[in-house]
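S.K.: Okay, handing you the structure first.
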Amino acid sequence: MRSILSLRSSALSQTILREINPAQQVGKYGSIFSSPKTSMQIPKTIEVPVHRENAGFKQLLGSLISDEDIVHRGMASFSELNSIALHGKLGGGDYAKRPASLNIAEFIENPKSSLLLSTSPDPHTVKEYMIGFQLIRAKGAITSMGLPFVFIRPQIASHIDVEQFNYQQNIIEEDLKLGNRTRSEDIFDLAQGNNETTVVLGATPEDDWHPTHRHLHTLKLVKNASGRILQGFMRTEGETFDIVTITNPEFCKSLMSLQLFTTAFGKGEKFLEYLERMNKRAQELGLITGEQRILTMEDVCVLMRSPQYRETLETFTTTGQTKVLEGIPSDIPVGDPKKLLEYAVHVMDSIPEKMPIPEALSENTLHLKS
């Protein structure tokens, strides 16, 4: 089976690789991929701004872009950055080798799924994702990006899909009784303390809903931090380190993002009753109106697997805020391709700031088969 490594912004890939591997040549494919047969010059058609400074942790967080439709992902070491450069997306490479699970209640306690990716909407909490709640050494990075194609917020989901979180709580208690864990955990308390925006990378490993280079606004690399650092990049007041800010000239916001309140699949009368309970909770919380229902995973799969829907997302952006679709008319049957697509297209066509993605950005896409 041949892998496809998409460098959807060759200039950005080159810049990232040059910063994380300064001693390695990245001007040719042969220096990125081991086989000399694939050696060829990468066309660098776009200038990528790079800013260098020496600053502290507060300055680092304060410099992150803050907006309602921007999220941040912190990364310990540069391995994930390397993967972003080589694969043209987040969640590729080694990340894709993780077990595939959509259980959001399990993920907030044990974030090891290849289908879900943690980000933070708040620059001042992104440090937790940067270090993975562990000690890190000397370097790390934060990427700031637009809202992904599909996402779920665990804190909200715990109030909507109560059944899934109760189910996970029962698993925790059963594991405790069987001696498979040493202490209990209240999954609802964990959810309440979790402010993340979890990117849904797909419903199956075959789906590709990953954020790509086009979604990336800036990447901030921290280098030469001293020794081991706990709870962020600064152990002592006044400690500074080298910060390299890479600004992506090809950044475009998503025209629309789909927000889930549950990652559950289902069919039949029992599932519809379950869905109705979730709809009622979402309505009571003011997340959707009385004439709407929430999006299900099946609905999202229909849209994200639709060539017409994906083409619209790949062709258009917005100069305003990314439109978040969280509710749809309740008379649209679950998974109805025609009605779902008609409604989604209607919503996207109604976005006043909708505009075509500049042609130069659309064309700067390169694929390598190996």
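Residue numbers (my numbering): 729 to 1098.
Even for Gly, the Cβ is constructed at its ideal location relative to N, Cα and C.
What number of angstroms, rounded off, separates the C-alpha of Arg-780 from the C-alpha of Thr-975?
M.R.: Within the sequence shown, numbered from 1, the residue matching residue 780 stands at position 52. Within the sequence shown, numbered from 1, the residue matching residue 975 stands at position 247. Their Cα atoms are separated by approximately 12 angstroms.
S.K.: What does DSSP give as the partner residues of Gly-1055 in its beta bridges?
M.R.: Translated into positions along the sequence shown, residue 1055 becomes position 327. Note: Gly-1055 sits in a beta bridge opposite Ile-1022.
S.K.: Rounded to the nearest angstrom, how far is the Cβ of Glu-978 from that of Arg-942, given a contact under 8 angstroms?
M.R.: If you number the sequence shown from 1, residue 978 lands on position 250. If you number the sequence shown from 1, residue 942 lands on position 214. About 6 angstroms; that satisfies the 8 angstroms criterion.
S.K.: Which two residues bound the contiguous beta strand (DSSP E) that contains Ala-824?
M.R.: The residue you call residue 824 lines up with position 96 of the sequence shown. Per DSSP, Ala-824 belongs to no beta strand (DSSP E) and is neither H nor E.
S.K.: With a threshold of 16 other CB atoms inside 10 Å of the CB of Arg-911, please say whether the residue is buried or exposed.
M.R.: Position 183 of the sequence shown, counted from the start, is the residue given in the question as residue 911. Result: exposed.
S.K.: Do you know offhand how far Ala-869's Cα is from Leu-949's?
M.R.: The count along the sequence shown starts at 1 and reaches residue 869 at position 141. The count along the sequence shown starts at 1 and reaches residue 949 at position 221. The straight-line gap from Cα to Cα measures roughly 4 angstroms.
S.K.: Given 8 angstroms as the limit, is there contact between the segment 1000 to 1012 and the segment 815 to 835, that is, 3 or more CB pairs closer than that?
M.R.: No: the two stretches stay apart, fewer than three of their Cβ pairs being nearer than 8 angstroms.
S.K.: State buried or exposed for Ser-848, treating a residue as buried only when at least 16 other CB atoms are found within 10 Å of its CB.
M.R.: To locate residue 848, count along the sequence shown from 1; it is residue 120. Flag for Ser-848 reads buried.
S.K.: Please confirm whether Leu-844 and Val-928 have their CB atoms less than 8 angstroms apart.
M.R.: Reading the sequence shown from its first residue, position 116 is the one you call residue 844. Reading the sequence shown from its first residue, position 200 is the one you call residue 928. Yes; because the gap between Cβ atoms is below 8 angstroms, this pair is in contact.
S.K.: Would you kindly check if the distance between the Cβ of His-800 and the Cβ of Thr-871 is under 8 angstroms?
M.R.: Position 143 of the sequence shown, counted from the first residue, corresponds to residue 871. Position 72 of the sequence shown, counted from the first residue, corresponds to residue 800. Taking 8 angstroms as the Cβ cut-off, Thr-871 and His-800 qualify as a contacting pair.
S.K.: Measure the C-alpha to C-alpha separation of Gly-930 and Gly-1018 and round it to an integer number of angstroms.
M.R.: As a first step, residue 930 must be located in the sequence shown, where it is residue number 202. As a first step, residue 1018 must be located in the sequence shown, where it is residue number 290. The straight-line gap from Cα to Cα measures roughly 29 angstroms.
S.K.: Is Pro-1084 helix, strand or coil by DSSP?
M.R.: Taking the first residue of the sequence shown as position 1, residue 1084 is located at position 356. Pro-1084 falls in the strand class under three-state DSSP.
S.K.: Below 8 angstroms on the Cβ atoms is my guess for Leu-983 versus Met-873; work out the distance and round it to an integer in Å.
M.R.: By one-based count along the sequence shown, residue 983 stands at place 255. By one-based count along the sequence shown, residue 873 stands at place 145. Not quite, the Cβ-Cβ distance comes to about 15 angstroms (not below 8 angstroms), so this is no contact.
S.K.: Indicate the three-state DSSP secondary structure (helix, strand or coil) for Arg-911 in the structure shown.
M.R.: Residue 911 sits at position 183 when you count from the first residue of the sequence shown. The answer is coil: DSSP assigns Arg-911 none of H, G, I, E or B.
S.K.: According to DSSP, what are the bridge partners of Thr-925?
M.R.: To locate residue 925, count along the sequence shown from 1; it is residue 197. In the DSSP output, where bridge partners are listed per residue, Thr-925 has Thr-847.
S.K.: What whole-angstrom Cβ distance do Lys-831 and Gln-896 have, given they're in contact under 8 angstroms?
M.R.: Along the sequence shown, one-based indexing puts residue 831 at 103. Along the sequence shown, one-based indexing puts residue 896 at 168. Rather than Lys, the amino acid found at residue 831 in this sequence is Asn. Yes, they are in contact, since the Cβ atoms of Asn-831 and Gln-896 sit about 7 angstroms apart, within 8 angstroms.
S.K.: Which residues in the same chain as Arg-909 place their Cβ atom closer than 8 angstroms to its Cβ, once the five residues preceding and following it in sequence are excluded?
M.R.: Sequence index remark: in the sequence shown, residue 909 carries index 181 (1-based). Answer for Arg-909: Ile-900 and Asp-903, listed in chain order.
S.K.: Pull up the distance between the alpha-carbon of Glu-1039 and that of Leu-988, whole angstroms please.
M.R.: The sequence position of residue 1039 within the sequence shown is 311, counting from 1. The sequence position of residue 988 within the sequence shown is 260, counting from 1. Each residue's alpha carbon lies about 21 angstroms from the other.
S.K.: Once you ignore the five residues that flank Pro-882 on each side, which residues in its own chain have a CB closer than 7 angstroms to its CB?
M.R.: In the sequence shown, counting from the first residue as 1, residue 882 sits at position 154. Result list for Pro-882: Ile-832, Ile-836, Ala-919, Asn-922, Glu-924 and Thr-926, in chain order.
S.K.: Provide the residue span of the alpha helix (DSSP H) that contains Glu-747, from first to last.
M.R.: What you label residue 747 is simply residue 19 of the sequence shown in a count that begins at 1. Start and end: 738 to 748.
S.K.: Ignoring anything shorter than 4 residues, give me the alpha helix (DSSP H) runs that lie fully in the segment 770 to 821, in order along the chain.
M.R.: 785 to 790 and 807 to 815
S.K.: Here's a check: name, in chain order, each residue in its chain whose Cβ is nearer than 8 angstroms to the Cβ of Ala-824, leaving out the five neighbours to either side.
M.R.: Position 96 of the sequence shown, counted from the first residue, corresponds to residue 824. Around Ala-824: Ser-842 and Pro-933.
S.K.: Could you name the residues that DSSP lists as bridge partners for Gln-987?
M.R.: Within the sequence shown, the letter at position 259 stands for residue 987. For Gln-987, which the question treats as bridged, DSSP gives the partners Phe-879.
S.K.: Classify Ser-794 as buried or exposed, calling it buried when 16 or more other Cβ atoms lie within 10 Å of its own Cβ.
M.R.: For the purposes of this step, residue 794 is taken as the residue at position 66 of the sequence shown. Classification of Ser-794: exposed, given that the 10 Å Cβ count is below 16.
S.K.: Using DSSP's beta-bridge definition, name the partner residues of Leu-944.
M.R.: Locating residue 944 in the sequence shown gives position 216, counting from the first residue. Its beta-bridge partners are Met-873.
S.K.: Determine the extent of the alpha helix (DSSP H) in which Thr-1050 is found, giving its start and end residues.
M.R.: Taking the sequence shown and counting its residues from 1, the one referred to as residue 1050 is at position 322. Taken as a continuous stretch (DSSP letters only), Thr-1050 belongs to no alpha helix (DSSP H), as it is neither H nor E.
S.K.: Please report the straight-line C-alpha distance between Gly-802 and Ile-915, rounded to a whole angstrom.
M.R.: The sequence position of residue 802 within the sequence shown is 74, counting from 1. The sequence position of residue 915 within the sequence shown is 187, counting from 1. Taking the straight line from one Cα to the other gives about 23 angstroms.
S.K.: Are Thr-990 and Ile-888 closer than 8 angstroms when you measure CB to CB?
M.R.: For the purposes of this step, residue 990 is taken as residue 262 along the sequence shown, with counting starting at 1. For the purposes of this step, residue 888 is taken as residue 160 along the sequence shown, with counting starting at 1. In this structure, Thr-990 lies near Ile-888, with their beta-carbon atoms less than 8 angstroms apart.
S.K.: Is it buried or exposed, Lys-765, if we count other Cβ atoms within 10 angstroms and call 16 or more buried?
M.R.: As a working mapping, residue 765 is identified with position 37 in the sequence shown. Low confidence applies here, because Lys-765 scores a pLDDT of 37, under 50, leaving its location unreliable; read the following figure in that light. Label assigned to Lys-765: exposed.
S.K.: How many Å lie between Pro-839 and Asp-822 at the Cα?
M.R.: Your numbering for residue 839 matches position 111 in the sequence shown. Your numbering for residue 822 matches position 94 in the sequence shown. Computed Cα separation, rounded: 14 angstroms.
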